[in-house]
Amino acid sequence: MEISTCTIEDLIRLQRQGVSAEEITQAALGEIERRDSAIRAFIDVHAEAALAQARAVDEKRRRGEVLGPLAGIPIAIKDNLCRRGWRTTCSSRMLKDFRPPYTAHVIEKLEAADAVLMGTTNMDEFAMGSSTENSAFFPTRNPWDLERSPGGSSGGSAAAVAAGMVPAALGSDTGGSVRQPAAFCGIVGLKPSYGRVSRYGLVAFASSLDQVGPLGRSVADCACLLQVIAGHDPRDSTSVPRDVPSYLSELFNLKRPLTVGVPREHFAAGLDAEVELAVRQSIRILEQQGATIREISLPHTADAVAVYYLIATAEASSNLARYDGMHYGHRTPRRGGLIETYCRSREEGFGHEVKRRIMLGTFVLSSGYRDAYYVRALRVRRLIKEDFDRAFRECDVIMGPTTPTPAFRLGEKSSDPLAMYLSDVYTISANLAGIPAISLPCGWTRSGLPIGVQLQAPFFEEARLFAIAHALEQAFDRRRTKPAVNG
Ligand code: GLN
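And the structure:
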């Protein structure tokens, strides 16, 4: 069975026509077997558990029981989401053998929806990076061009979906880690509003920015996944007790008239010409469908990267303090006193980028520098949020490129952290402001690399994002600008 191009919708239809969840899972495992030795999207594939889960779904169906909305759908999860009994490594030597004693809220939700969990995907260590090259184990390759990065930090999840190994996956997004790899791999990825999805069981990187988000082959599939994972969870005090709308039925409910804001700052120097062209064409499509296009300004865009790397590193230095070889994580085999054990365990367990961020974060929080860096960054964060508040008084949605360039080559930026940090210029602000943002494929470079367009909406307006993204996706399909996966 050719499952490698199926959406969740297709797979649900196939099951209605008599294909079993076990056959679908076998097909997904076959695809992983064939393709993952070259791509390396997965850290662990849990074939036995997946097949057992699929058989349980088939059994439920035979007994005539009500099935969950993701019944028999293979899903991969980023390796910073805990599942009891499995390893959760965060692609770090520090957690190489860590088996969490509990399961993340979003994983519980997937299991309750009868999804089939296939395994855990590679990422930049502790989600710090934009290429998966910071994984302590191996880099993941972009299915469109194996010499290129799939993006990061959820690069394994994005590559697994793009390569046809699973129809959908979960990632996490602190500064762009769902949207940037989605753009690089030619798939759809959503960062929900801060508080829309519980982070209970997500290994913390920067707690005021982290969100779990879906990656899929269609806007509808991302809507379907968000539907399952969204909602209040008392175990995450930042999760918001607001009802979850029916995202799938809102897909066709595009409110008109629509005003699309196009931020001047997102089309500035550094933007690749082919990316600009494809994004401008998508803006034209909405215009032809009757939307009003308005040039807007997000004046603090240029400050977002700096603000992010102060706040995210400050929070990371605090969150990662727990990995000391005593409470958590790798413990050095070299004998010594308590402080020596802490130091050696951290020295051995963390990779370069993580150490760089812990040092930066510790520095910006240290007395004497706190006000000059951290507190000032918090103030600018506020200004960035106010830029969005102002913009959304004039427009319903903000549209621009997801990334300044298509997928870059492995190794191209790994020795230049600043160049790597700049690949997040357009995605970071949504995390700082807490608003939802989606990336969907809008075209291809002449050399065949996918290009992503980003839509951003006001707080908790995911349904609006889905409706607009869906309208665009339909238009692309009709114009055949979206080739089949790996086409
Ligand atoms: N690339 C950004 C970073 O390195 C964002 C990562 C993320 O969203 N987890 O921090």
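One point on numbering: in the working numbering, the residue at position 298 of the sequence shown is 1074, and numbering is uninterrupted. Glycine included, C-beta positions come from ideal geometry on N, C-alpha and C.
The alpha helix (DSSP H) enclosing residue i, as first and last residue numbers
i, result
"Ile-1115", "1114-1125"
"Pro-1033", "Where Pro-1033 is concerned, there is no enclosing alpha helix (DSSP H), given that its DSSP letter is neither H nor E."
"Thr-908", "Per DSSP, Thr-908 belongs to no alpha helix (DSSP H) and is neither H nor E."
"Ala-959", "955-961"
"Ala-936", "931-938"
"Leu-1047", "It is not in any alpha helix (DSSP H) - Leu-1047 carries neither H nor E in the DSSP assignment."
"Met-1135", "1128-1141"
"Leu-991", "No alpha helix (DSSP H) contains Leu-991, which is instead part of the beta strand (DSSP E) from 987-992."
"Leu-1108", "Strictly speaking, residue 1108 in this sequence is Thr, with Leu absent from that position. Thr-1108 -> no alpha helix (DSSP H), and no H or E assigned at all."
"Gln-802", "797-815"
"Leu-1001", "995-1005"
Buried or exposed by the 16-neighbour rule on C-beta atoms within 10 Å, applied to residue i
i, result
"Ala-793", "It should be pointed out that residue 793 corresponds to Gln in this sequence rather than to Ala. Exposed, by the Cβ-count rule."
"Tyr-1266", "Because the chain in this structure spans residues 777 to 1263, residue 1266 falls outside the shown range and cannot be described."
"Thr-897", "buried"
"Met-899", "buried"
"Lys-1189", "buried"
"Gly-848", "buried"
"Gly-1145", "Here residue 1145 is Tyr; the residue named in the question, Gly, does not match the sequence. Per the 10 Å Cβ criterion, exposed."
"Asn-1262", "Confidence in Asn-1262 is poor, its pLDDT being 42 and thus under 50, which makes the residue's placement unreliable; the coordinate value appears in the next sentence. Exposed, by the Cβ-count rule."
"Lys-1258", "Residue placement at Lys-1258 cannot be trusted, given a pLDDT of 39 that sits under 50; the coordinates are not used to answer."
"Ser-974", "buried"
"Tyr-1085", "buried"
"Gln-1230", "buried"
"Ala-958", "buried"
"Arg-1279", "For residue 1279 there is no data in the structure shown, the boundaries of the chain being 777 and 1263."
"Val-1151", "exposed"
"Arg-1256", "Unreliable positioning characterises Arg-1256 in this predicted model, as indicated by a pLDDT of 46, which lies under 50. A coordinate reading is not provided."
"Glu-1238", "buried"
"Glu-1170", "exposed"
"Glu-1249", "buried"
"Ala-1209", "buried"
"Val-995", "buried"
"Ala-934", "buried"
"Ala-1092", "buried"
"Pro-990", "buried"
"Phe-914", "exposed"
"Tyr-878", "exposed"
"Ala-1045", "exposed"
"Asp-1172", "buried"
"Leu-1186", "buried"
Residue i versus the options, residue with shortest Cα-Cα distance
i, options, result
"Gly-1228", "Tyr-1085, Phe-960 and Asp-1019", "Phe-960"
"Met-1196", "Lys-872, Pro-1212 and Ser-907", "Ser-907"
"Tyr-970", "Ser-948, Pro-850, Ser-933 and Met-870", "Ser-948"
"Val-954", "Ala-1206, Pro-1234 and Leu-1225", "Ala-1206"
"Val-882", "Thr-801, Ala-830, Lys-872 and Lys-854", "Lys-854"
"Ile-851", "Phe-1168, Asp-997 and Leu-985", "Asp-997"
"Pro-876", "Trp-862, Ser-867 and Ala-889", "Trp-862"
"Glu-799", "Phe-1164, Ile-819, Ala-823 and Ala-982", "Ala-823"
"Ala-1233", "Ser-933, Leu-1096, Phe-1164 and Tyr-1104", "Phe-1164"
"Asn-856", "Glu-778, Thr-1089 and Asp-820", "Asp-820"
"Leu-1074", "Gly-1037, Lys-1131, Glu-1237 and Cys-1119", "Gly-1037"
"Phe-739", "Val-964, Arg-1155, Gly-1101 and Ile-1059", "Here the chain covers residues 777 to 1263 and nothing more, so residue 739 does not appear."
"Leu-787", "Asn-918, Arg-838 and Cys-1000", "Cys-1000"
"Thr-1203", "Leu-946, Pro-1039 and Ile-808", "Pro-1039"
"Leu-966", "Gly-977, Met-941 and Ser-930", "Ser-930"
"Thr-781", "Val-942, Arg-1185, Arg-1011 and Ala-826", "Val-942"
"Tyr-1118", "Leu-1154, Ala-1097, Gly-1137 and Arg-1132", "Ala-1097"
"Ala-889", "Val-1004, Ala-880 and Glu-841", "Val-1004"
"Ser-813", "Leu-1002, Phe-1028 and Asn-918", "Asn-918"
"Phe-1252", "Glu-809, Gly-962 and Arg-1132", "Gly-962"
"Ser-1094", "Val-1130, Glu-1116 and Asp-1079", "Val-1130"
"Asp-921", "Pro-1226, Phe-1235 and Leu-1241", "Pro-1226"
For residue i, the first and last residue of its enclosing beta strand (DSSP E)
i, result
"Ile-1214", "1213-1220"
"Phe-818", "818-821"
"Ser-1190", "Note, Ser-1190: premise wrong, no beta strand (DSSP E); not H, not E."
"Asp-949", "944-949"
"Met-1175", "1173-1177"
"Ile-1072", "1068-1072"
"Ile-851", "850-854"
"Gly-895", "892-897"
"Ile-779", "Counting along the chain, Ile-779 falls outside any beta strand (DSSP E), and DSSP gives it neither H nor E."
"Val-1229", "1226-1232"
Heavy atom of the ligand NAD within 6 Å of residue i beta-carbon
i, result
"Asp-1172", "The ligand NAD is not among the ligands present in this structure, which contains only the ligand GLN."
### Task
Count the C-beta pairs between the region 1103-1113 and the region 1156-1165 that are closer than 8 Å, then say yes if the count reaches three, no if not.
no
### Task
Check whether the region 829-847 touches the region 865-879, counting contact only when three or more Cβ pairs, one atom from each stretch, lie closer than 8 Å.
no
### Task
Mind the definition here: the region 933-952 touches the region 982-994 only if three or more C-beta pairs lie below 8 Å; say whether that holds.
yes
### Task
Spell out a yes or no on whether the region 1178-1185 and the region 1033-1053 are touching, meaning 3 or more CB-CB pairs, one atom from each, closer than 8 Å.
yes
### Query
On the three-pair Cβ rule with 8 Å, is the region 1058-1074 touching the region 1120-1129?
no
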